[in-house]
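Colleague:
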Amino acid sequence: MAAQRGVPPMRMLEEALGISLTSSGDTPEPVAADGAYYLEHVSITEVSEDDCEYEEIPDDNFSIPEGEEDLTKAINIIQEQATDIEILEQTTVLPSKQVVHEAIEDFLCNFLIKMEMNRTLDSFQAEWYELIQKGKTEFSEIGNVPDVYSQVMLLETENKNLKKDLKHFKQAAEKAREELLRTQKERDFHRMHHKRTVQEKNKLIADLKGLKLHYASYEPTIRVLHEKHHVLLKEKMLTSLERDQAVGKISGLQASLKNTEIAHIHIPKIKGFHEAASISGDQGDSGSAGYSCEKENKSEAPTQKGLHESKQDSGYKTKMKDDRKDSEFPTNMQPDTDLNVCDENIGPSKFDYKLNNIFRLHDLPVTCINMHPCKEFLVSCSEDRLWKMVGLPKGNVFLTGSGHTDWLADCCFHPSGTKLATSSGDSTIKLWDLSTGECLLTFEGHSHAVWSCTWHSSGDFVASASLDMTSKIWDINSERCRYTLYGHTDSVNSIEFFPFSNTLLTASADKTLSVWDARTGHIIASCDARGVIKLWDFRNLIPIVSIDVGPSAGNEVNFDSTGRVLAQASASGIIHLLDLKTGQIHKLVGHENEVHTVVFSQDGKNMYSGGSDGTVRLWL
632 MAAQRGVPPM RMLEEALGIS LTSSGDTPEP VAADGAYYLE HVSITEVSED DCEYEEIPDD
692 NFSIPEGEED LTKAINIIQE QATDIEILEQ TTVLPSKQVV HEAIEDFLCN FLIKMEMNRT
752 LDSFQAEWYE LIQKGKTEFS EIGNVPDVYS QVMLLETENK NLKKDLKHFK QAAEKAREEL
812 LRTQKERDFH RMHHKRTVQE KNKLIADLKG LKLHYASYEP TIRVLHEKHH VLLKEKMLTS
872 LERDQAVGKI SGLQASLKNT EIAHIHIPKI KGFHEAASIS GDQGDSGSAG YSCEKENKSE
932 APTQKGLHES KQDSGYKTKM KDDRKDSEFP TNMQPDTDLN VCDENIGPSK FDYKLNNIFR
992 LHDLPVTCIN MHPCKEFLVS CSEDRLWKMV GLPKGNVFLT GSGHTDWLAD CCFHPSGTKL
1052 ATSSGDSTIK LWDLSTGECL LTFEGHSHAV WSCTWHSSGD FVASASLDMT SKIWDINSER
1112 CRYTLYGHTD SVNSIEFFPF SNTLLTASAD KTLSVWDART GHIIASCDAR GVIKLWDFRN
1172 LIPIVSIDVG PSAGNEVNFD STGRVLAQAS ASGIIHLLDL KTGQIHKLVG HENEVHTVVF
1232 SQDGKNMYSG GSDGTVRLWL
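Numbering (the working numbering), first residue to last: 632 to 1251.
1. Measuring only the C-alpha atoms, how far is P899 from K832?
2. Based on the DSSP output, what are the partners of L762 in its beta bridges?
3. Since D715 sits in a beta bridge, which residues does DSSP pair it with?
4. Taking A1052 as the reference, give the member of S1095, K1025, F1029, D1037 with the closest Cα.
5. Given this structure, state the Cα-to-Cα distance separating S941 from R1111, to the nearest angstrom.
6. L835 to V1123, Cα distance in whole Å?
7. Counting only beta-carbon separations shorter than 8 Å, does A1200 have a partner in chain D?
8. In the DSSP assignment, find the unbroken beta strand (DSSP E) run with N988 in it and report its ends.
9. What's the call for H993, buried or exposed, on a 16-neighbour Cβ count within 10 Å?
10. Where does P1182 land, buried or exposed, given buried means 16+ other C-beta within 10 angstroms?
11. Got a sec, what are the start and stop residues for the beta strand (DSSP E) L1023 sits in?
12. I need the boundaries of the beta strand (DSSP E) containing N1027, first residue and last residue.
13. Name the DSSP beta bridge partners of K1103, please?
14. Going by the beta-carbon positions, is the gap between R1248 and L986 smaller than 8 Å?
15. Can you round the beta-carbon distance between S1109 and K956 to whole angstroms, since I take them to be within the 8 Å contact cut?
16. Under 8 Å, do G1185 and D1159 count as touching if we go by C-beta distance?
17. So, at 7 Å on beta carbons, what are the nonlocal neighbours of L1251 in its own chain, with the 5 sequence-adjacent residues on each side left out?
18. May I ask you to report which of helix, strand or coil DSSP gives E831?
19. Tell me the rounded alpha-carbon separation between S1243 and H1045.
20. Alpha carbons only, please: which of G1090, L1072, D1064, D1037 is nearest the one belonging to H1079?
21. Measuring straight from C-alpha to C-alpha, what distance separates C740 and F800?
22. Going by beta carbon distance, what residues of the same chain come within less than 7 Å of E711, once the five residues before and after it are set aside?
23. Mapping DSSP to helix, strand and coil, what is D737?
24. Grouping DSSP H, G and I as helix and E and B as strand, with all else coil, what is P1174?
25. So Y1239 is in the beta strand (DSSP E); what residue range does that whole segment cover?
26. Expressed to the nearest angstrom, what Euclidean distance is found between the alpha-carbon atoms of P1174 and V1188?
27. Taking the C-alpha atoms as reference points, what is the distance between M748 and Q756?
28. If you check the beta carbons only, do D1191 and S980 fall under 8 Å apart?
29. Rounded to whole angstroms, what's the CA-CA distance from I1000 to L1009? Just pull it up for me.
30. Would the beta-carbon of V997 fall within 8 Å of that of G1245?
31. Could you name the residues that DSSP lists as bridge partners for I1206?
32. Specify the secondary structure class of V1146 as computed by DSSP and reduced to three states.
33. If the criterion is Cβ atoms closer than 8 Å, does the pair K1050 and L1030 meet it?
34. Please confirm whether A1200 and S1240 have their CB atoms less than 8 Å apart.
Now the structure itself:
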């Protein structure tokens, strides 16, 4: 390709490409060649008709607002506007960045490669290098590609990158939209489930209210039937008593004892064991007998037969008498002068007890303590399945009894002091020989734990109270159950014979005290889980006084030998002493934990208490 004579190579390249490669500051020279044109800037002024020269005034707002005709304010406004104009007219000079310009030939090669014009690229490179070899072209006059083209290329590259990013963002937005729709569906599902659950709950509440109203409508009828039932039982009991009196089978007691000791139930006794009355736990109410007494057959009971078979299998030999006839309940009993009985000449009551000694006898809580009727001995029972007999006042352990397979609940001395009866959570009652510490008899017949046991004053019978809602009378000579007392609707927690009588008293978790064939008059005491102590008139079957020492539960109550002081073992760790003469209450503090049992010595000078920490404490 031959260049036109007199035309610079730069101009030739511009004509060939149809673009301007010269800088904006250079003015192109007119070329007198065929087919060459150029543009010239011409200013055309508007001709005025009145031959007057006008000067254009800039449209600056120098007007003064209404109400501000003050000259000083106007001058300040003008100055502020002049300052703003000066700031706007100032140009910010940025530091120049050194830009590496791309050569013309490189730009053209890159352009042809980008457009995939390979044959044109080959022809251009061949002719271009031919010119370079011949030296016919001055490269200094060609120059570099202006910045605008480089910027265009950069912008195109950035535009492509942005399009890619936009594509990725659209995909991410689509995924987010799908996730949002899925979350909204889950929200709607859980909202519907919540509404359905609320509706079902409201329906159940409505049904429950309806059932309560339905069952409440039966309460008056049940109450009336219950009252009728008690009336009929009372009439039946009175008829039975009149019949027995007519045929001479039952005779009344000739004398009644005064100031008899009673505990959470301690009471006298009478012949027969048909229940005579029931004392309700509500103050002022007295109920008739609603209970039955089932006499055992003369033959051996199945439970006792199974007990004997199990003893023979294990090689255990039970000491039994050859003559196993049933014992007879005494009809007329007189106090035994050998036994320690209430005496009218006993000294004044004592309330100022002080903690003197602590006997650490057991590893688990003490459930019961009992005083020997004749000697200075004390027996304690514990949840560790052991009973221990200790000498007083030192607390030396003389005997330790083991044989129960569960915790011990209660113990009671034989009137002669030679035997001991224990009741246990293994549903058995065991009789122990205190001279050797061996078990003499085991009575089985209750289906649940036996809470309490007591000896008859004759020494031939033991009574027991159980969680199975029954009480049983056991014959020591025939070694079998003679009577089973039914009637309580909950656990029978305590049982006591009245001294020198056949009268039996039971206390139950159904909030009643039941007297079985009662014929004598005495005062008895009871305590409940709210800490309320009640004294009852045994003759009229009504409460005499109610004393609240709560709110802690009362675990046991016990009279002293004078019958004028009542002690209560409280779950709060306090022992309450009630003076029955003045009504004054004394508090003894010495236990750190719950007090389970409390008992007086025979002379009333000492008192012993057992706690949940496994200790027995002596009070002087």
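Using N, Cα and C, we set each Cβ at its ideal position, and we do this for glycine too.
The structure displayed is predicted, hence computed values, not measured ones.
Modeller: Short version:
1. Position 268 of the sequence shown, counting from 1, holds the residue named residue 899. Position 201 of the sequence shown, counting from 1, holds the residue named residue 832. Interpretation of P899 is limited by its pLDDT of 34, a score under 50 that renders its predicted location unreliable; the figure taken from the coordinates is listed afterwards. Rounded to the nearest angstrom, the two C-alpha atoms are 57 Å apart.
2. The residue you call residue 762 lines up with position 131 of the sequence shown. For L762, which the question treats as bridged, DSSP gives no partner whatsoever.
3. Numbered from 1 along the sequence shown, position 84 holds the residue referred to as residue 715. For D715, which the question treats as bridged, DSSP gives no partner whatsoever.
4. The residue given as residue 1052 occupies position 421 in the sequence shown. Out of S1095, K1025, F1029, D1037, S1095 has the C-alpha closest to the C-alpha of A1052.
5. On the sequence shown, position 310 is the one that residue 941 refers to. On the sequence shown, position 480 is the one that residue 1111 refers to. With a pLDDT of only 47 at S941, under the threshold of 50, the placement of this residue in the model should not be trusted, and no figure is reported.
6. Stepping through the sequence shown from its first residue, residue 835 is reached at position 204. Stepping through the sequence shown from its first residue, residue 1123 is reached at position 492. Looking at the two C-alpha atoms, the distance is approximately 38 Å.
7. The question asks about chain D, but that chain is absent: this structure has only one protein chain.
8. The sequence position of residue 988 within the sequence shown is 357, counting from 1. Counting along the chain, the unbroken beta strand (DSSP E) around N988 starts and ends at 986 to 991.
9. The residue labelled residue 993 in the question sits at position 362 within the sequence shown. With a 10 Å radius around the Cβ and a threshold of 16 neighbouring Cβ atoms, H993 comes out buried.
10. Mapped onto the sequence shown, residue 1182 falls at position 551. Counting every other CB atom within 10 Å of its CB across the protein chains shown gives P1182 a total below 16, marking it as exposed.
11. Position 392 of the sequence shown holds residue 1023. For L1023, no beta strand (DSSP E) encloses it, and the DSSP letter there is neither H nor E.
12. On the sequence shown, residue 1027 is found 396 positions in, with the first residue counted as 1. Per DSSP, N1027 belongs to the beta strand (DSSP E) from 1027 to 1033.
13. In the sequence shown, counting from the first residue as 1, residue 1103 sits at position 472. Beta-bridge partners of K1103 (DSSP): S1095, T1115.
14. Here residue 1248 refers to the residue found at position 617 when the sequence shown is read from its first residue. Here residue 986 refers to the residue found at position 355 when the sequence shown is read from its first residue. With respect to L986, R1248 sits close: the two C-beta atoms are nearer than 8 Å.
15. Against the sequence shown, residue 1109 aligns to sequence position 478. Against the sequence shown, residue 956 aligns to sequence position 325. The beta-carbon distance between S1109 and K956, rounded to whole angstroms, is 6 Å. This is short enough to meet the 8 Å contact definition.
16. What you label residue 1185 is simply residue 554 of the sequence shown in a count that begins at 1. What you label residue 1159 is simply residue 528 of the sequence shown in a count that begins at 1. The answer is yes: Cβ separation under 8 Å.
17. In the sequence shown, the residue the question calls residue 1251 occupies position 620. Hits under 7 Å: Y984, K985, N987, N1237.
18. As a first step, residue 831 is located in the sequence shown; it is residue number 200 there, counting from the start. In this structure, E831 counts as helix in the three-state DSSP scheme.
19. One-based indexing of the sequence shown puts residue 1243 at position 612. One-based indexing of the sequence shown puts residue 1045 at position 414. Straight-line Cα distance between these residues: approximately 26 Å.
20. Position 448 of the sequence shown, counted from the first residue, corresponds to residue 1079. The option with the nearest alpha carbon to H1079 is D1037.
21. Here residue 740 refers to the residue found at position 109 when the sequence shown is read from its first residue. Here residue 800 refers to the residue found at position 169 when the sequence shown is read from its first residue. Computed Cα separation, rounded: 35 Å.
22. Translated into positions along the sequence shown, residue 711 becomes position 80. Result list for E711: empty, nothing under 7 Å.
23. Here residue 737 refers to the residue found at position 106 when the sequence shown is read from its first residue. The answer is helix: DSSP assigns D737 an H, G or I state.
24. Numbered from its first residue, the sequence shown carries residue 1174 at position 543. In the structure shown, P1174 adopts extended strand secondary structure according to DSSP, grouped into three states.
25. The residue labelled residue 1239 in the question sits at position 608 within the sequence shown. Element bounds for Y1239: 1238 to 1242.
26. To locate residue 1174, count along the sequence shown from 1; it is residue 543. To locate residue 1188, count along the sequence shown from 1; it is residue 557. Across the structure, P1174 and V1188 are spaced so that their CA atoms are roughly 16 Å apart.
27. As a position in the sequence shown, residue 748 is number 117, starting the count at 1. As a position in the sequence shown, residue 756 is number 125, starting the count at 1. Whole-angstrom Cα-Cα distance: 12 Å.
28. Here residue 1191 refers to the residue found at position 560 of the sequence shown. Here residue 980 refers to the residue found at position 349 of the sequence shown. Judged by their CB atoms, D1191 and S980 are nearer to each other than the 8 Å cut-off.
29. Indexing the sequence shown from 1 puts residue 1000 at position 369. Indexing the sequence shown from 1 puts residue 1009 at position 378. Spanning the alpha carbons of I1000 and L1009 requires a straight line of approximately 7 Å.
30. Looking up residue 997 in the sequence shown gives position 366. Looking up residue 1245 in the sequence shown gives position 614. The criterion of a C-beta distance shorter than 8 Å is satisfied by V997 and G1245.
31. Residue mapping note: residue 1206 aligns to position 575 of the sequence shown, counting from 1. According to DSSP, which records beta bridges pairwise, I1206 is partnered with A1200, L1219.
32. Sequence index remark: in the sequence shown, residue 1146 carries index 515 (1-based). In this structure, DSSP gives V1146 an extended state, which the three-state scheme calls strand.
33. What you label residue 1050 is simply residue 419 of the sequence shown in a count that begins at 1. What you label residue 1030 is simply residue 399 of the sequence shown in a count that begins at 1. If you check the CB distance, K1050 and L1030 do not come in under 8 Å.
34. Taking the first residue of the sequence shown as position 1, residue 1200 is located at position 569. Taking the first residue of the sequence shown as position 1, residue 1240 is located at position 609. With contacts defined by Cβ atoms closer than 8 Å, A1200 and S1240 form a contacting pair.
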